[in-house]
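Below is one structure, written out as structure tokens; comments come after it.
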Amino acid sequence: DGGITQSPKYLFRKEGQNVTLSCEQNLNHDAMYWYRQDPGQGLRLIYYSQIVNDFQKGDIAEGYSVSREKKESFPLTVTSAQKNPTAFYLCASREAAGSYEQYFGPGTRLTVT
Amino acid sequence: KNEVEQSPQNLTAQEGEFITINCSYSVGISALHWLQQHPGGGIVSLFMLSSGKKKHGRLIATINIQEKHSSLHITASHPRDSAVYICAVTLFGGGATNKLIFGTGTLLAVQP
Numbered sequence: 001d002g003g004i005t006q007s008p009k010y011l012f013r014k015e016g017q018n019v020t021l022s023c024e025q026n027l028n029h030d031a032m033y034w035y036r037q038d039p040g041q042g043l044r045l046i047y048y049s050q051i052v053n054d055f056q057k058g059d060i061a062e063g064y065s066v067s068r069e070k071k072e073s074f075p076l077t078v079t080s081a082q083k084n085p086t087a088f089y090l091c092a093s094r095e096a097a098g099s100y101e102q103y104f105g106p107g108t109r110l111t112v113t
Numbered sequence: 001k002n003e004v005e006q007s008p009q010n011l012t013a014q015e016g017e018f019i020t021i022n023c024s025y026s027v028g029i030s031a032l033h034w035l036q037q038h039p040g041g042g043i044v045s046l047f048m049l050s051s052g053k054k055k056h057g058r059l060i061a062t063i064n065i066q067e068k069h070s071s072l073h074i075t076a077s078h079p080r081d082s083a084v085y086i087c088a089v090t091l092f093g094g095g096a097t098n099k100l101i102f103g104t105g106t107l108l109a110v111q112p
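Heads up: the sequence lines are chains A and B, in that order.
Under the working numbering, the letters of the first sequence match residues 1 to 113, in that order.
Under the working numbering, the letters of the second sequence match residues 1 to 112, in that order.
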């Protein structure tokens, strides 16, 4: 079945540690996105990538980094510079330019203590 | 003021009731999306529309471009409809980003 997988579903880290969240898609989609969801707020865009080896900052990129070495993979690293890393992180993908529909993964809940 | 506003924030209904969730937006859009998020967290796209009305099973979505307003209706609601319903818009002229702007969601609980 085609879709987006994110692993793990729950992740716990100590403050000061970098952590990488996985996002893999087998939809052959060109564009991929990372969103952050906090209680009482709408999803906010962290980073997006339209093509392999290219990515752009979203609205809240500070403290995060990404890579896009393969079309199907778009990992997100939450660095120690991110002041409030505890959140729910969602990965999404979109087929191609001109297509508005985004497909979402199941999400990873990160807790940093 | 958020660019995408939803109402109500919370909604409790009895099984079988007709439910309406509203979404208003203040920006130019290319498309409007209704998404469903279950307690596990994953998000499913229900509808994407840019005009008129769409229907899928017991779900109906409408949009009025002039009034910048959309509604999601659920007929004959069922406890399995309990979820967070999120309205999102694709900005008009957003370029290749196709950036989505999200509402804060409506938490729906349907009681048996």
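Using N, Cα and C, we set each Cβ at its ideal position, and we do this for glycine too.
Computed from a predicted structure; not experimentally measured.
Cβ-based burial, residue i [other Cβ within 10 Å; buried from 16]
i	result
Y10/A	exposed
T106/B	buried
V66/A	buried
Q14/B	exposed
Q36/B	buried
V110/B	buried
A96/A	exposed
Residue from the options whose Cα sits closest to the Cα of residue i
i	options	result
Y89/A	S49/A, L21/A, Y100/A and Q102/A	L21/A
T90/B	N84/A, T86/A, E95/A and S99/A	S99/A
Q6/A	Q37/A, Q50/A, E62/A and F74/A	F74/A
E72/A	E15/A, G16/A, F12/A and M32/A	M32/A
Residue-chain proximity (residue i, chain B), Cβ-Cβ < 7 Å
i	result
P85/A	no
P106/A	yes
E95/A	no
L11/A	no
G88/A	Here the sequence assigns Phe to residue 88/A, which means Gly is not the residue at that position. With 7 Å as the cut-off, F88/A counts as an interface residue toward chain B.
L43/A	yes
E101/A	yes
Close Cβ partners of residue i (< 8 Å) along its chain, the five nearest in sequence each way excluded
i	result
E69/A	V52 and N53
Y64/A	W34, I46, Y47, L76, T77, V78, T79 and Q82
Residue-chain proximity (residue i, chain A), Cβ-Cβ < 7 Å
i	result
N98/B	yes
T90/B	yes
G42/B	yes
G28/B	no
T106/B	no
F102/B	yes
A31/B	yes
Cutoff 6 Å; reference residue i; Cβ partners in own chain excluding five residues on either side
i	result
R109/A	Y10 and F88
N28/A	none
Backbone secondary structure at residue i - three-state DSSP
i	result
T97/B	helix
D38/A	coil
R109/A	strand
D54/A	strand
R80/B	helix
Close-in-space but distant-in-sequence residues of the same chain around residue i (CB under 7 Å, 5 per side omitted)
i	result
S24/B	E5, K68 and H69
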